[in-house]
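S.K.: Please find one structure pasted underneath; my questions will follow.
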Amino acid sequence: RRRAIAEHPARLAQLQARLAEARRDAERGEVVAPFAARIGKVEVAAGDQVQPGQALLNLYPSDALFLRARVPAIYAEELRAALGRGETLRAHAEFGTSRLAARLERIGGEADARGVDVLLRMDDAAKLPVGAFLSAVLERPRLEAVFAVPPSALHGGDRIYRIEDGRLKAVPVLRAGERRDGERLAMLVRARDEAAPLRDGMLVSRTHLPHAIDGLAVEVVGGGGSGGAAAGATR
């Protein structure tokens, strides 16, 4: 008994050393993410033996999710220039019944037949699973001297007809894009020739006439407008 009592301090010290070692091992086995994250996939299960460098799980920053998309290459330069000016280009994405906001973050430097890659930073993706496919609409930079007309007002893709003294007058235009308001679609156009500008209040034929020519007599039977260009139905 006396011998056991004499050996007690040494035994206690040994057990305390083993306890400290076990605590160090436990701390080393604890994995802590360096940021607030969402777990994508767990590669191991509880009790598995793992090796140094082995992947345990995939995780993603919960506040920095991106949507990778493609836009037509013809718009790449204007989007890049807008980012260079510090403009914020917004995008809206739909996932199921949810409507999500995003903003353009980066534009790829290479393009192919499908377009150029862009990265959109999601503003609030808490309910969005990683890897999901979304339908998104990206706003283009603000354009000046652009007018919205119905698609039927555009003839041959490069001209509209204004109505002057009851007759058609061709106005060459450049297509600048399109704008959608619900189910209503409008074409955005600008004047091709500065000598023949588009003006607010200009009366424009919105009936697509297969044989429209300069000087064709028409009768205005309706009115109204879309954007800066007024529109008149003709026969």
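In terms of the working numbering, the sequence shown is numbered consecutively and its last residue is 1452. Even for Gly, the Cβ is constructed at its ideal location relative to N, Cα and C.
1. Rounded to a whole number of angstroms, what is the C-alpha to C-alpha distance between residue 1330 and residue 1269?
2. According to the Cβ coordinates, are residue 1393 and residue 1363 closer than 8 Å?
3. Name the residue from 1350, 1336 and 1236 whose alpha carbon lies nearest to the alpha carbon of residue 1281.
4. What is the rounded straight-line gap between the Cα of residue 1307 and the Cα of residue 1400?
5. With a 10 Å radius around its C-beta and 16 neighbouring C-beta atoms as the bar for buried, classify residue 1315 as buried or exposed.
6. If you follow the beta strand (DSSP E) that residue 1391 is part of, which residue opens it and which one closes it?
7. Suppose contacts are defined by Cβ-Cβ distances below 8 Å. Is residue 1410 in contact with residue 1389 by that definition?
8. Grab me the residues of residue 1425's own chain with a C-beta within less than 6 Å of its C-beta, minus the 5 sequence neighbours each way, in chain order.
9. Helix, strand or coil for residue 1279, going by three-state DSSP, please let me know.
10. Check whether the Cβ atoms of residue 1273 and residue 1258 sit closer than 8 Å, and answer yes or no.
11. Excluding five sequence neighbours on each side, which residues of the same chain lie with their C-beta closer than 6 Å to the C-beta of residue 1347?
M.R.: Looking at the coordinates:
1. Roughly 43 Å separates the two Cα atoms.
2. Yes, Cβ-Cβ distance for residue 1393 and residue 1363 is below 8 Å.
3. It is 1336 whose Cα lies nearest to the Cα of residue 1281.
4. A straight line joining the alpha-carbon of residue 1307 with that of residue 1400 spans about 20 Å.
5. Flag for residue 1315 reads exposed.
6. That run of the beta strand (DSSP E) goes 1384-1398.
7. Going by beta carbons, residue 1410 and residue 1389 fall inside the 8 Å limit.
8. For residue 1425, where only same-chain residues beyond five positions count, the Cβ hits under 6 Å are 1369.
9. Of the three classes helix, strand and coil, the one that applies to residue 1279 here is coil, per DSSP.
10. Result no, Cβ atoms of residue 1273 and residue 1258 do not sit closer than 8 Å.
11. Excluding positions up to five away in sequence, the list reads 1257 and 1277.
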